[in-house]
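**Q** Numbering (the working numbering), first residue to last: 1 to 241. We treat Cβ as the ideally placed atom computed from N, Cα and C, and that holds for glycine. Keep in mind that this is a model prediction, so the values were computed, not measured.
1. Do residue 190 and residue 213 come within 8 angstroms of each other at the CB atom, strictly closer than that value?
2. Within a Cβ cutoff of 6 angstroms, which residues of the same chain sit near residue 112, ignoring the five residues on either side of it in sequence?
3. With distances taken between CB atoms, is the gap from residue 173 to residue 184 smaller than 8 angstroms?
4. In the DSSP assignment, find the alpha helix (DSSP H) that holds residue 174 and state where it starts and stops.
5. What did DSSP end up calling residue 139 once you bin it into helix, strand or coil?
6. Using the three-state DSSP reduction, which class does residue 15 fall into: helix, strand or coil?
7. Tell me, which residues are paired with residue 83 by DSSP?
8. Between residue 59 and the rest of its own chain, which residues show a CB-CB distance below 8 angstroms, the 5 nearest in sequence each way excluded?
9. If you draw a straight line from the C-alpha of residue 146 to the C-alpha of residue 131, how long is it?
10. Please identify the residue among 193, 115, 165, 86 whose C-alpha is closest to the C-alpha of residue 140.
11. What number of angstroms, rounded off, separates the C-alpha of residue 134 from the C-alpha of residue 199?
12. Quick check: what's the CA-CA separation for residue 180 versus residue 162?
13. Tell me which same chain residues have a C-beta within less than 7 angstroms of the C-beta of residue 88, skipping the five on either side of it?
14. What do you reckon, are the CB atoms on residue 157 and residue 105 nearer than 8 angstroms?
15. Quick check on the DSSP output: the alpha helix (DSSP H) that includes residue 43 runs from which residue to which?
16. Please report the straight-line C-alpha distance between residue 205 and residue 142, rounded to a whole angstrom.
17. In whole angstroms, what separates the C-alpha of residue 107 from that of residue 115?
18. Need the endpoints of the alpha helix (DSSP H) that residue 77 sits in, please.
19. Using a Cβ-Cβ distance cut-off of 8 angstroms, determine whether residue 56 contacts chain C.
20. From 51, 1, 2, pick the residue whose C-alpha is nearest to that of residue 15; which is it?
21. Let me check understanding here. Comparing Cα to Cα, which of 99, 29, 109 lies closest to residue 45?
22. Buried or exposed, going by whether 16 or more other CB atoms sit within 10 Å of the CB of residue 215?
23. Compute the Euclidean distance between the alpha carbons of residue 155 and residue 53, then round it to the nearest angstrom.
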């Protein structure tokens, strides 16, 4: 049985992705995130639905800890066949490391974002990639906001700089692995997940990940579903001028 590891797993999109892979492909689900209580609740939900799931607590900014968690998931399930990387900041994270505009970008503002969105992704991929190459099969999907490339959102420059680094690397990695059985994709999300808009529902977005895994025909998926008024509020919220 195949296994998907979801790094940065949360109760909305992360859970929906795991549920989609379990439903469509009979996957085991390995959940990796910081909050142990939330992980335990998600595992209970999966097991109640008859899905084989397990939690492995780790902070993506603790790279040795993240590697250890993924190694434990590999040992528990036998292999990781799909890796999905999508850590999202909490409100307390944003209080500690606020989003800043392109004009106000500093090295200090971008370093924490690089730790979370890029360096953590590199560490996670490096842990599972050798096994995928040995087996000649695997899928790696990294998720970021649409401002990582497809959109220009200057109000959140520090996050987008780090996301753009991940995006660029994933696209290059896909080219490098094209003839080795491993598909790499970047998902750029411009959506307010759980807002009630049909195309922003977690289950609908999770379909994109399943299609990326089975169709393997595109290195990038762009999903945009933000109303104009939401974009305006977002810009105002983080405006610093």
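**A** With the given structure in hand:
1. Numbered from its first residue, the chain shown carries residue 213 at position 213. Numbered from its first residue, the chain shown carries residue 190 at position 190. Contact annotation: residue 213 and residue 190 have beta-carbon atoms that are not nearer than 8 angstroms.
2. Position 112 of the chain shown, counting from 1, holds the residue named residue 112. Cβ within range, chain order: 97.
3. Start at 1 with the first residue of the chain shown, and residue 173 comes out as number 173. Start at 1 with the first residue of the chain shown, and residue 184 comes out as number 184. Contact annotation: residue 173 and residue 184 have beta-carbon atoms nearer than 8 angstroms.
4. Here the question's residue 174 lines up with position 174 in the chain shown. Per DSSP, residue 174 belongs to the alpha helix (DSSP H) from 157-177.
5. By one-based count along the chain shown, residue 139 stands at place 139. Looking at residue 139 - three-state DSSP - the assignment turns out to be strand.
6. For the purposes of this step, residue 15 is taken as residue 15 along the chain shown, with counting starting at 1. In the three-state reduction of the DSSP assignment, residue 15 falls in the helix class, which pools H, G and I.
7. One-based indexing of the chain shown puts residue 83 at position 83. Residue 83 pairs with 5, 140.
8. For the purposes of this step, residue 59 is identified with residue 59 of the chain shown, where counting begins at 1. Hits under 8 angstroms: 34, 65, 66.
9. In the chain shown, counting from the first residue as 1, residue 146 sits at position 146. In the chain shown, counting from the first residue as 1, residue 131 sits at position 131. About 30 angstroms.
10. Within the chain shown, residue 140 is the residue found at index 140, counting from 1. Of the listed residues, the one whose Cα sits closest to residue 140 is 86.
11. Working through the chain shown from its first residue, we reach residue 134 at position 134. Working through the chain shown from its first residue, we reach residue 199 at position 199. Their Cα atoms are separated by approximately 37 angstroms.
12. What you label residue 180 is simply residue 180 of the chain shown in a count that begins at 1. What you label residue 162 is simply residue 162 of the chain shown in a count that begins at 1. Their backbone Cα atoms lie some 27 angstroms apart in a straight line.
13. The count along the chain shown starts at 1 and reaches residue 88 at position 88. Cβ within range, chain order: 8, 10.
14. By one-based count along the chain shown, residue 157 stands at place 157. By one-based count along the chain shown, residue 105 stands at place 105. Cβ distance < 8 angstroms, so residue 157 and residue 105 count as in contact.
15. Against the chain shown, residue 43 aligns to sequence position 43. It spans 36-48 - the alpha helix (DSSP H) in which residue 43 sits, taken as one unbroken run.
16. Your numbering for residue 205 matches position 205 in the chain shown. Your numbering for residue 142 matches position 142 in the chain shown. About 14 angstroms.
17. One-based indexing of the chain shown puts residue 107 at position 107. One-based indexing of the chain shown puts residue 115 at position 115. Going from the Cα of residue 107 to the Cα of residue 115 covers about 12 angstroms.
18. If you number the chain shown from 1, residue 77 lands on position 77. Note, residue 77: alpha helix (DSSP H), 63-77.
19. Structure shown: chain C not included; a single protein chain is present.
20. What you label residue 15 is simply residue 15 of the chain shown in a count that begins at 1. Considering only alpha carbons, the answer is 51.
21. Here the question's residue 45 lines up with position 45 in the chain shown. Measuring from the Cα of residue 45, the nearest candidate turns out to be 29.
22. On the chain shown, residue 215 is found 215 positions in, with the first residue counted as 1. Here residue 215 is exposed: its Cβ has fewer than 16 other Cβ atoms, across all protein chains shown, within 10 Å.
23. As a position in the chain shown, residue 155 is number 155, starting the count at 1. As a position in the chain shown, residue 53 is number 53, starting the count at 1. Computed Cα separation, rounded: 38 angstroms.
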